[in-house]
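So the sequences go chain by chain: D and P. For the first sequence, my numbering assigns the number 628 to the initial residue and increments by one for each residue that follows. For the second sequence, my numbering assigns the number 69 to the initial residue and increments by one for each residue that follows.
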Amino acid sequence: MAGPVAFFAVFFAYPVAAIVGRGLDVGGAWQFGRIGEVLGDPDILQVLWFTSWQALASTALTLLIALPGAYVFARFDFPGKQLLRAAVTVPFVLPTVVVGTAFLALLGRGGMLDQLWGVRLDTTVWAILLAHVFFNYAVVVRTVGGLWSQLDPRQEEAARVLGASRFAAWRKVTLPALGPAVAAASLMVFLFTFTSFGVVQILGGPAFSTLEVEIYRQTAQLLDLPTAAVLTLAQFAAVGAILALHAWTVRRRESALRLVDPAQTARRPRGAGQWSLLSGVVASVAALILVPLGVLVQRSLDTPGGYGFGYYQALQSQGAGGGTFLVPPVDAIWNSLQYALVATAIALVIGGLAAAALTRRAGPLVRGFDALLMLPLGVSAVTVGFGFLITLDKPPLDLRSSWILVPLAQALVGVPFVVRTMLPVLRAVDGRLREAAAVLGASPLRAWREVDLPMVRRALLVAAGFAFAVSLGEFGATVFIARPDNPTLPVAVARLLGRAGDLNYGQAMALSTILMLVCAVSLLVLERIRTDRSGEF
Amino acid sequence: MLRLEGVSVRFGARAALDAVDLEVADHETVCVLGPSGSGKSTLLRVVAGLQEASGKVFLDGTDQSGVPVHRRGVGLMFQDHQLFPQRDVAGNVAFGLRMRGAGRAEQVRRVAELLELVGLPGAQGRAIAALSGGEQQRVALARALAPQPKLLMLDEPLGQLDRGLRERLVVELRELFGQLGTTVLAVTHDQGEAFALADRVVVMREGRVAQVGTPLEVWQRPASEFVARFLGFDNVVSATVSGEVADTPWGKVPVVPGALQGECRLLVRPAGVRLVPVDDGLRCTVRARTFRGHHVAVILEPAVGPPLEAECPPAEAPDAGATVGAAFTAGDVVLLPPEPDRA
């Protein structure tokens, strides 16, 4: 446990504390007055208000659209189910920048809807909400649907036999069992949308700004550190509260439910009602998830001279970007892959150690550590990135010019995923199997290799895949610390989008498509080795 | 083979094992018998090295303090088998051989030999999940036997099996251990299992040894009220012995000549309670009767004293509600030491 704690202390707590301290500590005196001042500012109140209500609206909308999907994936068997399930999950591991870009291509100026019907949504909040649904659909389907598929349908049948109508049986038996899972999923969605950065940055324009975007603006553009510090604290408090709630519902979800093999509960839909529900879900998945992804690909191929790979070719030359880059954009692919590999390795080591520690010990301290591990998901990535810049630039830890800074920041976001994936599997390994091996003559190390490793190997691969995809798409922190001559894919996309001109726009689309493909491929590989036991996401 | 000297284990304030001394000779089968929570499983874990304990454990005369689990060379069959789910039957049985660096050919030969021995020939390639409870049992046994441990320990070896299978396996196990000359230390809460399997029985109570003896000795002469009650004998009362008669709540009860005089506890085995005409014995009402196959257990409500259990042939069993007399046979009366800690 000491390793992960030290890691988090040095690379998470220290930078965040330093930047908050720098903001609030002027000339040796703590300026707590700033807190009231900033939080009293009408503009900031506006941001706080928007952040909260868009997160609530996004969560409600996601639940509304994804719950029927969860039911369909849990209870129905239909051709192409595996493929559809994978497709639904792709957005979750997509970089926010790509999601923003895809919706821009769909709903923005000159976007597909604009061309077809003259409809533009990029100036309205709807673009943000839809992008959030797109992004979080999988969270609901995975969390709720995963549990739903393991609920024994015979419980509902028992209620029917006792005289409950079909709806009453669902309401009295299934809904209470699903409740904690729905609550946990809602909280995750709320958390992700509350701290949304890339999507809002690209789609929000000047009109809409979340806390995270505002922190970025205050830090990077206005250089108003005190305001940024207060905002970071505000977000920190909100996220802490959300996480505490999440931990509580997750624990309740572990309450004794009788679970069965999901393969036994799904069957082919019967009757017009079930078929129309299925087609409704497939249609909504197509409209919300497949179309934006498709448009992204289409835009990347739609050059002024007709369809072709012009934009992709342009990525290879440095000058084409109009001086945006010191290196050809295509180099960003290679950079991203290298960073992501290193970040994955770090996340696996730290996350694996943390998960092992959490399995072996119990008590309030450990539960607190468990919750702490989730914090990087919610704490302003912008703050972390900027914190890295100002704290890790002097001895004993002078890493400012080192390439390791980027993977370190990305690993922070990957660790929670590794822990969440490994924990259920590690907990499922019966300690007495190790004892059985020891009695038969296996040394402790040998027993670990012979007993634990074969069981954990799959979960380890899944965790690695998640960490890889997440660090590949990390934007908020990377945008600060990636060096101009070594941009990552999301940073390159954002820079291209920030420039005018068809060529830049087309190149952004092309780069996003490449990023999407890399993420999708790693996800498809995961889907093949994924077991139902592994992972709470 | 195995010797324990003053072995104690404490979990917090509770002593799971309290200064236990025990000896198991070569080729002997010893069964530790006791209710759950009496420290039986802890005893096996101490011998295997899975549980820290004070006191000394000797195997073949060598002190085992500081010897890690995997170097002790004992076999342990876990209560719920703990077969490795990701390996097939052969992979499980060969595990101990692999740990000892046995060659491929030897592994294959030994696995076939052992599966033959436990009555599962040709099961090498089967998945663990596809085995029935009884088959898992046999695989677990083969796995424990494969590395030829100097001492084989069994934790509730037949615990989860149904009755018929259990009775058959007890006989098979006994034959097998005799044939292999294995030294066995088993624990169980089932007296039938212990008596059928063991050369010697050790009865445990709250971490202490309550009685050691052959199955016959323990059955005939329980050393204490606890052992008597654990074996299912409930006809226990306080008594004062003078001469060949004991004074009890049930009246005068005959005892064998030479019995220790004075205050004691007294057990009458149900077989020693004879049903006689009302005027010839203690006047009782028949409260209940339970058919037990070769005999009927009759619960009597005596005019004085606590309820009394009697055993009688099915043909002679009185109906519930009948009034009968009860008389006692001296040979089935056992005198137990007074138990100060039991009211």
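All residues carry an ideal CB built from backbone N, CA and C; glycine is no exception.
Residue j beta carbon less than 7 Å from that of residue i
i, j, result
"D:Ala-1008", "D:Phe-1044", "no"
"P:Asp-94", "P:Thr-251", "yes"
"D:Ala-687", "D:Gly-772", "no"
"P:Pro-322", "P:Ala-398", "yes"
"D:Val-1083", "D:Gly-978", "no"
"P:Val-280", "P:Val-295", "no"
"D:Val-1097", "D:Val-1011", "no"
"P:Val-364", "P:Pro-382", "yes"
"D:Tyr-939", "D:Pro-1034", "no"
"P:Ala-214", "P:Val-161", "yes"
"D:Val-724", "D:Pro-1117", "yes"
Through-space distance from residue j to residue i, alpha-carbon basis
i, j, result
"P:Pro-374", "P:Leu-350", "12 Å"
"D:Ala-1147", "P:Val-77", "56 Å"
"P:Val-137", "P:Gln-247", "27 Å"
"D:Phe-639", "D:Pro-1003", "8 Å"
"P:Arg-273", "P:Leu-188", "37 Å"
"D:Thr-986", "D:Tyr-843", "37 Å"
"D:Leu-852", "D:Gln-845", "7 Å"
"D:Pro-803", "D:Phe-703", "21 Å"
"D:Val-766", "D:Ser-813", "9 Å"
"D:Ala-947", "D:Pro-780", "Low confidence applies to D:Ala-947: its pLDDT is 46, below 50, so where it sits in the model is not reliable, and the reading given next is rough at best. When rounded, the distance between both Cα atoms is 60 Å."
"P:Leu-199", "D:Thr-971", "40 Å"
"P:Pro-103", "P:Gly-143", "23 Å"
"D:Val-1166", "P:Val-304", "Since the first and last residues shown for chain D are 628 and 1164, residue 1166 of chain D lies out of range."
"D:Phe-936", "P:Met-167", "59 Å"
"D:Ala-644", "D:Phe-996", "18 Å"
"P:Val-341", "P:Ala-307", "17 Å"
"P:Leu-165", "P:Glu-379", "52 Å"
"P:Arg-236", "P:Arg-357", "29 Å"
Continuous beta strand (DSSP E) stretch holding residue i: start and end
i, result
"P:Leu-299", "Unbroken run through P:Leu-299: none, as it is neither H nor E."
"P:Thr-353", "350 to 359"
Where residue i meets chain P, residues with beta-carbon distance less than 7 Å
i, result
"D:Leu-1060", "Gln-150 and Phe-152"
"D:Val-918", "Correct list: empty, because the minimum Cβ distance to chain P is about 43 Å."
"D:Ala-602", "Nothing about residue 602 of chain D can be read from this structure; chain D reaches only from 628 to 1164."
Simplified DSSP assignment, three categories, for residue i
i, result
"P:Thr-110", "helix"
"D:Asp-1129", "helix"
"P:His-149", "strand"
"D:Thr-854", "helix"
"P:Val-218", "The sequence shown places Lys at residue 218 of chain P, rather than the Val named in the question. It is coil, neither helix nor strand."
"P:Asp-267", "coil"
"D:Ile-829", "helix"
"D:Gln-965", "helix"
"P:Leu-199", "coil"
"P:Gln-279", "strand"
"D:Ala-947", "With a pLDDT of 46 at D:Ala-947, under the threshold of 50, the modelled position of that residue is not reliable, and the figure given next carries that caveat. Correct three-state label for D:Ala-947: helix."
"D:Ala-864", "helix"
"D:Ser-1139", "helix"
"P:Ile-367", "strand"
"P:Ser-413", "Residue 413 of chain P lies beyond the stretch modelled for chain P, which goes from 69 to 411, so this question has no answer here."
Chain P residues whose Cβ lies nearer than 8 Å to that of residue i
i, result
"D:Asp-1057", "Gln-150"
"D:Pro-1081", "Gln-154"
"D:Val-1089", "Those within 8 Å of D:Val-1089 in chain P number zero; the least Cβ separation is about 17 Å."
"D:Val-768", "The contacting residues do not exist; D:Val-768 stays about 29 Å from chain P at best."
Segment limits, alpha helix (DSSP H) that includes residue i
i, result
"D:Phe-936", "From DSSP, D:Phe-936 is part of no alpha helix (DSSP H); its letter is neither H nor E."
"D:Arg-1059", "1058 to 1066"
"D:Asp-670", "669 to 702"
"D:Ala-1008", "1008 to 1018"
"D:Ile-1108", "1105 to 1108"
"D:Ser-792", "Here D:Ser-792 belongs to no alpha helix (DSSP H), and DSSP marks it neither H nor E."
"D:Ala-899", "898 to 912"
"D:Arg-1073", "1071 to 1074"
Proximal chain P residues relative to residue i, where beta-carbon distance stays under 9 Å
i, result
"D:Arg-1054", "Chain P residues near D:Arg-1054: none, gap ~15 Å exceeds 9 Å."
"D:Arg-1073", "His-138 and Met-167"
Where residue i meets chain D, residues with beta-carbon distance less than 9 Å
i, result
"P:Met-272", "Those do not exist, as P:Met-272 stays about 22 Å from chain D at its closest Cβ, beyond 9 Å."
"P:Phe-79", "Those do not exist, as P:Phe-79 stays about 16 Å from chain D at its closest Cβ, beyond 9 Å."
Beta-carbon neighbours of residue i, restricted to chain D and to distances below 7 Å
i, result
"P:Ala-254", "Neighbours of P:Ala-254 on chain D: none; closest Cβ ~15 Å, over 7 Å."
Residues that residue i contacts on chain D, provided the C-beta gap is smaller than 8 Å
i, result
"P:Val-142", "Val-1066"
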